[in-house]
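Q:
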Amino acid sequence: MNKKAMSKVLLISIIIVILIVGIAIYFILNKSENSVNNSITGTKSVDDCNKMKQVYNKSICYHEVAVYKKDFSICGMIPSAMQSSRNICYEDVAKLRKNAAECEAIPQNFQDDCYFGVADGKSDYRICDNILYSVYKWQCYEVVAVNLKDKTICDKIERSDIKDDCYFQFS
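Position in the sequence shown (from 1) plus 14 gives the number in the numbering used here.
1. For Ala115, name the three-state secondary structure that DSSP assigns.
2. Is the separation between the beta-carbon of Tyr139 and that of Val158 shorter than 7 Å?
3. Considering only the alpha carbon of each residue, which of Lys84, Met91, Ile37 lies closest to Tyr238?
4. My understanding is that Ala114 touches Ile141, with C-beta atoms under 8 Å, so please give their C-beta distance in whole angstroms.
5. Put Ile74 into one of helix, strand or coil per three-state DSSP.
6. To the nearest angstrom, how far is it from the Cα of Glu116 to the Cα of Lys84?
7. To the nearest angstrom, report how far apart Lys151 and Asp61 are at their CA atoms.
8. Among Ser174, Cys154, Tyr181, Glu172, which residue has its Cα nearest to the Cα of Lys165?
9. Assuming Cys168 is part of the alpha helix (DSSP H), what are its boundary residues?
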């Protein structure tokens with residue numbers, strides 16, 4: 015082999031080694047990052063959450079445990095510094111439990127989405143009546159109408175374009 019050919023082989027070998035090392039580093043870093051995420055989201059115990067020091071991670075942990083156990087009270091353990099996360103937790107658990115009464119326990123700006131989720135989950139258009147934002151309420155009626163395959167629920171929608179869309183779902 016001449017010198018030029020050996021240089022090409024050496025260069026290609028170096029590139030291959032660099033690629034292999036780069037790929038190995040990527041997988042090692044990705045695995046350790048996923049381990050951290052799994053230790054947070056895989057936690058199914060309030061005790062594990064209590065041991066966490068960072069407020070953000072603790073909030074995520076409590077949320078995950080509350081959702082996993084469908085336990086509304088665990089949401090109250092989310093630190094007050096993460097009030098928005100606490101409210102979303104309450105909303106998510108209420109939707110999972112399909113309990114509209116629990117939607118009343120959270121601040122108004124989270125209630126509409128909570129009622130929508132419960133109405134959708136229970137396929138009960140009467141729960142949509144609790145929604146204050148009218149467009150969202152009418153969309154709720156539409157979703158429940160489609161769930162129940164009952165186009166008469168579309169009659170409750172006051173805005174023509176949303177009502178038309180609701181009826182269109184049945185054509």
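Backbone N, C-alpha and C define an ideal beta-carbon position, used for all residues, glycine too. Since we're looking at a predicted model, the values are computed, not measured.
A: A quick look at the data gives this:
1. In the sequence shown, the residue the question calls residue 115 occupies position 101. Looking at Ala115 - three-state DSSP - the assignment turns out to be helix.
2. Residue mapping note: residue 139 aligns to position 125 of the sequence shown, counting from 1. Residue mapping note: residue 158 aligns to position 144 of the sequence shown, counting from 1. In contact: Tyr139 and Val158 (Cβ atoms closer than 7 Å).
3. No statement about residue 238 is possible, as the shown extent of the chain runs from 15 to 185 and does not include it.
4. Locating residue 114 in the sequence shown gives position 100, counting from the first residue. Locating residue 141 in the sequence shown gives position 127, counting from the first residue. Indeed they touch by this definition, with Cβ atoms about 5 Å apart.
5. In the sequence shown, counting from the first residue as 1, residue 74 sits at position 60. The answer is helix: DSSP assigns Ile74 an H, G or I state.
6. Here residue 116 is taken as the residue at index 102 of the sequence shown, counted from 1. Here residue 84 is taken as the residue at index 70 of the sequence shown, counted from 1. Cα-Cα distance, rounded: 12 Å.
7. Looking up residue 151 in the sequence shown gives position 137. Looking up residue 61 in the sequence shown gives position 47. Spanning the two alpha carbons is a distance of roughly 39 Å.
8. Taking the first residue of the sequence shown as position 1, residue 165 is located at position 151. The shortest C-alpha separation from Lys165 is found at Tyr181.
9. The residue labelled residue 168 in the question sits at position 154 within the sequence shown. No alpha helix (DSSP H) holds Cys168; DSSP gives it neither H nor E.
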